[in-house]
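Beneath this line is the structure, given in structure tokens, with notes to follow.
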Ligand SMILES: [Zn+2]
Ligand SMILES: [Zn+2]
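Below, the structure is given as structure tokens:
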């Protein structure tokens, strides 16, 4: 069993050395990923990514999280507005 494997990055096609071939178990890159970030990347790409793409995916994961939070805030505000307007209408009647 080879402990180093040269694979092509599924994102940018750069050849790089990978120990496990799976992002969920890979320890070969110096990019530190949280469990959530690994799962996010594993759900997007089948294999392991090169160091450059790992940091790119880290950034895009954060942006996705940020956008989702903004969206949730907007939905909450919208619900709040709707409930207030219903109260306003019932009071006027
Ligand atoms: Zn890459
Ligand atoms: Zn790897």
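Numbering (the working numbering), first residue to last: 1088 to 1180. From the three backbone atoms N, C-alpha and C, an ideal C-beta is built for every residue, glycine too.
- Not one heavy atom of ligand 2 is found less than 7 Å from the C-beta of residue 1118.
- Taking the CA atoms as reference points, residue 1101 sits about 8 Å from residue 1094.
- For residue 1093, the enclosing beta strand (DSSP E) starts and ends at 1092-1095.
- For residue 1129, the enclosing alpha helix (DSSP H) begins and ends at 1122-1131.
- Taken through DSSP and simplified to helix, strand or coil, residue 1105 comes out as strand.
- 1107 is the residue among 1107, 1091, 1164 whose C-alpha sits nearest the C-alpha of residue 1134.
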